[in-house]
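As you go down the protein sequences, you meet chains A and B in turn. Residue 118 in this note's numbering sits at position 117 of the first sequence, with consecutive numbering throughout. Residue 134 in this note's numbering sits at position 133 of the second sequence, with consecutive numbering throughout. Glycine included, each C-beta is placed from N, C-alpha and C at the ideal position.
Protein chains: 2
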Amino acid sequence: MAGKRERHKERTRQAILDAALRLFGQRGYERTSITDLAQAAGIGKATVYSYFRTKGEIFLAFCEAQLETVRAAIVETDVPTMPILDRLLSVYGRDLDFLLDNPEIGRMLTRETFFPGDPDPRTPSRRLGERYIALLAPLLLQAQARGQLRRDVELTLMLGHFYGLYCMVVSAWFTGRLITRDDVFMALEALFEQALQGLAPRAGTDNSILPQIP
Amino acid sequence: MAGKRERHKERTRQAILDAALRLFGQRGYERTSITDLAQAAGIGKATVYSYFRTKGEIFLAFCEAQLETVRAAIVETDVPTMPILDRLLSVYGRDLDFLLDNPEIGRMLTRETFFPGDPDPRTPSRRLGERYIALLAPLLLQAQARGQLRRDVELTLMLGHFYGLYCMVVSAWFTGRLITRDDVFMALEALFEQALQGLAPRAGTDNSILPQIP
DNA sequence: TAAGAAAATCGACCCGGGTCGATTTTGTCT
DNA sequence: AGACAAAATCGACCCGGGTCGATTTTCTTA
């Protein structure tokens, strides 16, 4: 009988995550103490720390489970034949919906994704970023192949471009510059369009009719 | 004699900030406790809290002072006649230098600027964002007036665009995807160029020679 | 199955951020 | 000057995240 210990550990770990799911959802992250989690999981406080190194790590594990759902919905509703702009908006739109529906979690999660507190690069928060890349890279590659995107730009940079604009929009929501889902979504759309069209003036745009000042 | 009390309060406040400047710089933020600050400022611990609401607020006050220097250098070296791309790079380059030279402070500061922990919008971290806007808006307006930027795009959106890309680059540094100052700077330059040129294919670019796949 | 090693558990504890309420200082009014 | 109110100060305390080391449980192997 190989791995009775393993199975037991796995069950305990899951018990902690279950407790987190329930308590975080119920009282929120801040108002849930490690002791609470330990009690709900039926173990001692110190034992929690032999499963997770910090409270934040529990939170991230909790988030990964949540995001699994969101991501599933994303790939499900994605329509590969649509223009890249629509596809991108649809992908990020899902994520935005989740954030706006779960403000407290959303705040912490975004924060941790873009600017992880722990400088150590082998921490779970990195996986969140990687997940994004894995999700978006194929979209962009396809769009490149179809001539909807420039081919002379490194994939990473293009990915970073859209990712950065998304980050900006979320940040604006964070800081109260954008409030409703519509505000946020429209800003994202406008920025993505700008990214595709470019901010430098193009011939034929009405902005070129004004005289140029040297 | 109006305001003896005021003057005294001001002096105490300054004493705390001086202590912060010294101790944060010496031992770092995390390793400096409120008690340390209080001792160094020659007051009781609880008194600190009648000047600042949280430790983070002290940090932000400390940062504002630091950034004052950086900002001064920025406006000083800015050359209004240069192309907008160079001006933007020069502005953000200053900031990047500061971040890279002061990693611990830089990490926390950026984090707090983009994703403030306190949801309350009247907190000092907001001022950091506002400062940015005040710094960049004139640059962009001038560039618009000179025909270097599209005129049919709202200023806020354009500002957000560059700001977002900057955010992305800093985030990539944070998460160890970009390491050296050169990495970071080149990425920023590439992204800004993309922003100006657009990511959609343009006639005359070598990317259009490949066959298009419907 | 008994002994000893390795892993898991947990209560007691440390530490630091933040609060409370009693006490002192300062300013005001007569 | 003296009495009174308002503001400022601070030591003692609370709370929660995280650690330590002694104790218990499980696995190994002979």
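For residue i, would you say it is in contact with chain B, using Cβ-to-Cβ distances shorter than 8 angstroms as the test?
{"i": "Gln198 (chain A)", "result": "yes"}
{"i": "Thr111 (chain A)", "result": "yes"}
{"i": "Met83 (chain A)", "result": "no"}
{"i": "Cys168 (chain A)", "result": "yes"}
{"i": "Leu1 (chain A)", "result": "Outside the shown range of chain A (2 to 215) lies residue 1 (chain A), about which nothing can therefore be said."}
{"i": "Gly130 (chain A)", "result": "yes"}
{"i": "Ala135 (chain A)", "result": "no"}
{"i": "Gly165 (chain A)", "result": "yes"}
{"i": "Ser172 (chain A)", "result": "yes"}
{"i": "Pro125 (chain A)", "result": "no"}
{"i": "His9 (chain A)", "result": "no"}
{"i": "Arg151 (chain A)", "result": "yes"}
{"i": "Ala42 (chain A)", "result": "no"}
{"i": "Gly57 (chain A)", "result": "no"}
{"i": "Gly148 (chain A)", "result": "yes"}
Just verifying my parser: in three-state terms, what is the DSSP assignment at residue i?
{"i": "Val154 (chain B)", "result": "coil"}
{"i": "Thr70 (chain B)", "result": "helix"}
{"i": "Gly165 (chain B)", "result": "helix"}
{"i": "Met187 (chain A)", "result": "helix"}
{"i": "Tyr50 (chain B)", "result": "coil"}
{"i": "Met83 (chain A)", "result": "coil"}
{"i": "Thr36 (chain A)", "result": "helix"}
{"i": "Phe99 (chain B)", "result": "helix"}
{"i": "Thr31 (chain A)", "result": "Note that residue 31 (chain A) is Glu in the sequence shown here, rather than Thr. Glu31 (chain A) falls in the coil class under three-state DSSP."}
{"i": "Gly177 (chain A)", "result": "coil"}
{"i": "Arg128 (chain B)", "result": "helix"}
{"i": "Phe115 (chain A)", "result": "helix"}
{"i": "Asp19 (chain A)", "result": "helix"}
{"i": "Leu200 (chain A)", "result": "coil"}
{"i": "Ile44 (chain B)", "result": "coil"}
{"i": "Gly94 (chain B)", "result": "helix"}
{"i": "Arg12 (chain B)", "result": "helix"}
{"i": "Gln143 (chain A)", "result": "helix"}
{"i": "Gln149 (chain B)", "result": "coil"}
{"i": "Glu55 (chain A)", "result": "The amino acid at residue 55 (chain A) is misidentified as Glu; the sequence shows Thr. Coil, per DSSP."}
With C-beta atoms as the reference, is residue i less than 8 angstroms away from residue j?
{"i": "Leu166 (chain B)", "j": "Ala138 (chain B)", "result": "no"}
{"i": "Leu179 (chain B)", "j": "Arg151 (chain A)", "result": "no"}
{"i": "Ile59 (chain A)", "j": "Ile17 (chain A)", "result": "yes"}
{"i": "Leu100 (chain A)", "j": "Ala191 (chain B)", "result": "no"}
{"i": "Thr48 (chain A)", "j": "Ala39 (chain A)", "result": "yes"}
{"i": "Leu24 (chain A)", "j": "Thr13 (chain A)", "result": "no"}
{"i": "Phe163 (chain B)", "j": "Leu89 (chain B)", "result": "yes"}
{"i": "Gln149 (chain A)", "j": "Ile85 (chain A)", "result": "yes"}
{"i": "Pro125 (chain B)", "j": "Phe175 (chain A)", "result": "no"}
{"i": "Leu22 (chain A)", "j": "Phe63 (chain A)", "result": "yes"}
{"i": "Leu141 (chain A)", "j": "Leu156 (chain A)", "result": "yes"}
{"i": "Val154 (chain A)", "j": "Gln195 (chain B)", "result": "yes"}
{"i": "Asp91 (chain B)", "j": "Thr111 (chain B)", "result": "The question names Asp, yet the displayed sequence has Ser at residue 91 (chain B). Going by C-beta atoms, Ser91 (chain B) is not nearer than 8 angstroms to Thr111 (chain B)."}
{"i": "Ser172 (chain B)", "j": "Phe115 (chain A)", "result": "yes"}
{"i": "Glu105 (chain A)", "j": "Gly29 (chain A)", "result": "yes"}
{"i": "Gly45 (chain A)", "j": "Phe186 (chain A)", "result": "no"}
Examine chain A for any beta-carbon lying closer than 8 angstroms to the beta-carbon of residue i, and answer yes or no.
{"i": "Arg54 (chain B)", "result": "no"}
{"i": "Thr176 (chain B)", "result": "yes"}
{"i": "Pro139 (chain B)", "result": "no"}
{"i": "Phe115 (chain B)", "result": "yes"}
{"i": "Val185 (chain B)", "result": "no"}
{"i": "Arg182 (chain B)", "result": "no"}
{"i": "Val154 (chain B)", "result": "yes"}
{"i": "Arg14 (chain B)", "result": "no"}
{"i": "Leu158 (chain B)", "result": "yes"}
{"i": "Leu89 (chain B)", "result": "no"}
{"i": "Leu97 (chain B)", "result": "no"}
{"i": "Leu142 (chain B)", "result": "no"}
Go ahead and label residue i buried or exposed: buried means 16 or more other beta carbons lie within 10 angstroms of its beta carbon, across all protein chains shown.
{"i": "Leu189 (chain B)", "result": "buried"}
{"i": "Met169 (chain A)", "result": "buried"}
{"i": "Gln27 (chain B)", "result": "exposed"}
{"i": "His9 (chain B)", "result": "exposed"}
{"i": "Thr55 (chain A)", "result": "exposed"}
{"i": "Glu113 (chain A)", "result": "buried"}
{"i": "Pro72 (chain A)", "result": "Reading off the sequence shown, one finds Arg at residue 72 (chain A), where the question assumed Pro. Buried, since its Cβ has 16 or more Cβ neighbours within 10 Å."}
{"i": "Asp96 (chain B)", "result": "buried"}
{"i": "Val80 (chain B)", "result": "exposed"}
{"i": "Gly177 (chain B)", "result": "exposed"}
{"i": "Ala135 (chain A)", "result": "exposed"}
{"i": "Arg108 (chain A)", "result": "buried"}
{"i": "Ala20 (chain B)", "result": "buried"}
{"i": "Arg127 (chain B)", "result": "buried"}
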